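Here my numbering is used: the first residue of the sequence shown is 1134, the next is one more, and so on.
Report on the following structure.
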Amino acid sequence: MSRVGKRPIEIPDGVDIKIDGQTVTAKGPNGELSRDVSDVVSIEITDGELIVSRPGESRQARSHQGLVRSLLANMVDGVSKGFTRELEIHGVGYRAEQHGQYIRFDLGFSHPVLFELPEQIEVAIERQTQLKLTSPDKELLGQVAAKIRGLRPPEPYKGKGIRYKDERIIRKVGKAGAA
1134 MSRVGKRPIE
1144 IPDGVDIKID
1154 GQTVTAKGPN
1164 GELSRDVSDV
1174 VSIEITDGEL
1184 IVSRPGESRQ
1194 ARSHQGLVRS
1204 LLANMVDGVS
1214 KGFTRELEIH
1224 GVGYRAEQHG
1234 QYIRFDLGFS
1244 HPVLFELPEQ
1254 IEVAIERQTQ
1264 LKLTSPDKEL
1274 LGQVAAKIRG
1284 LRPPEPYKGK
1294 GIRYKDERII
1304 RKVGKAGAA
């Protein structure tokens, strides 16, 4: 039995959940999210809790129960509290500026890099080298943060590039040189 899948999801105050067939919609103070879930599991609301159950014991039903429960829990947390991801830019002359729905990066290339943000992502740029991304959608937030990091991943010799705030870069020793 899935330990994750059988735990109920508590619905906080101010969050409204609607189930229409296999489509679940969560609406809260931070926005609205909708997701189509697998038809192998069933979803119901009882006593202010969202319960994901599986009608059968097939391998697919067992694997989808925990997945669907985690996805729905992330939706409920996202519309009630939201998610945050912080990035740091390291390197001389490396910086970021916000221009509307775009972020302009100077990352040591011969040209600036423009990155378009999706509508659900909000960015706060602090000190030109620190970005704080917030969104109710955890999956989209992780994808956007990974794409931004991929513009200039941190290199192992000097540590220059874009990294997550809590990320540790394992540094390599350079050439010994002529001594």
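From the three backbone atoms N, C-alpha and C, an ideal C-beta is built for every residue, glycine too.
Note that this is a predicted model, so its numbers are computed, not measured.
Can you tell me the Cα-Cα spacing of residue i and residue j, whole angstroms?
{"i": "Arg1218", "j": "Leu1273", "result": "11 Å"}
{"i": "Met1134", "j": "Asp1180", "result": "Reliability fails at Met1134, whose pLDDT of 49 lies under 50, so the model's placement of it is uncertain and no value is given."}
{"i": "Pro1245", "j": "Pro1269", "result": "29 Å"}
{"i": "Lys1151", "j": "Ser1196", "result": "24 Å"}
{"i": "Gln1263", "j": "Pro1286", "result": "15 Å"}
{"i": "Glu1230", "j": "Gln1253", "result": "19 Å"}
{"i": "Leu1183", "j": "Glu1177", "result": "6 Å"}
{"i": "Lys1280", "j": "Glu1255", "result": "15 Å"}
{"i": "Ala1257", "j": "Val1201", "result": "31 Å"}
{"i": "Gln1155", "j": "Asp1172", "result": "6 Å"}
{"i": "Val1277", "j": "Lys1298", "result": "15 Å"}
{"i": "Lys1291", "j": "Asp1153", "result": "53 Å"}
{"i": "Val1185", "j": "Leu1284", "result": "39 Å"}
{"i": "Val1306", "j": "Lys1271", "result": "36 Å"}
{"i": "Thr1267", "j": "Gly1226", "result": "25 Å"}
{"i": "Ser1213", "j": "Ser1203", "result": "15 Å"}
{"i": "Leu1220", "j": "Arg1228", "result": "12 Å"}
{"i": "Asn1163", "j": "Lys1308", "result": "51 Å"}
{"i": "Arg1260", "j": "Ile1222", "result": "10 Å"}
Contact defined as beta carbons within less than 8 Å: I believe residue i pairs with residue j. What is the distance between those atoms, to the nearest angstrom?
{"i": "Gly1199", "j": "Gly1224", "result": "With a Cβ gap of about 41 Å, Gly1199 and Gly1224 do not count as contacting."}
{"i": "Val1148", "j": "Ala1159", "result": "6 Å"}
{"i": "Ile1295", "j": "Arg1282", "result": "5 Å"}
What are the boundary residues of the beta strand (DSSP E) that includes residue i?
{"i": "Glu1165", "result": "Gly1164 to Asp1169"}
{"i": "Arg1296", "result": "Gly1294 to Tyr1297"}
{"i": "Thr1262", "result": "Note, Thr1262: premise wrong, no beta strand (DSSP E); not H, not E."}
{"i": "Gly1241", "result": "That residue, Gly1241, is in no beta strand (DSSP E); it is neither H nor E in DSSP."}
{"i": "Ala1159", "result": "Thr1156 to Gly1161"}
{"i": "Leu1250", "result": "From DSSP, Leu1250 is part of no beta strand (DSSP E); its letter is neither H nor E."}
{"i": "Val1313", "result": "Since the first residue shown for the chain is 1134 and the last is 1312, residue 1313 is missing from the structure and cannot be characterised."}
{"i": "Glu1177", "result": "Ser1175 to Thr1179"}
In the DSSP assignment, find the alpha helix (DSSP H) that holds residue i and state where it starts and stops.
{"i": "Gly1275", "result": "Lys1271 to Leu1284"}
Beta strand (DSSP E) runs contained entirely in the stretch 1192 to 1234, provided each spans 3 or more residues: 1216 to 1223 and 1228 to 1232
Segment contact flag, the stretch 1202 to 1215 with the stretch 1168 to 1175, C-beta cutoff 8 Å, min 3 pairs: Flag = yes, the stretch 1202 to 1215 and the stretch 1168 to 1175 touch.
Could you tell me whether the stretch 1230 to 1241 touches the stretch 1185 to 1205, where touching means 3 or more Cβ pairs closer than 8 Å? no
Are three or more beta carbon pairs between the stretch 1247 to 1260 and the stretch 1139 to 1157 nearer than 8 Å? Segments in contact, no.
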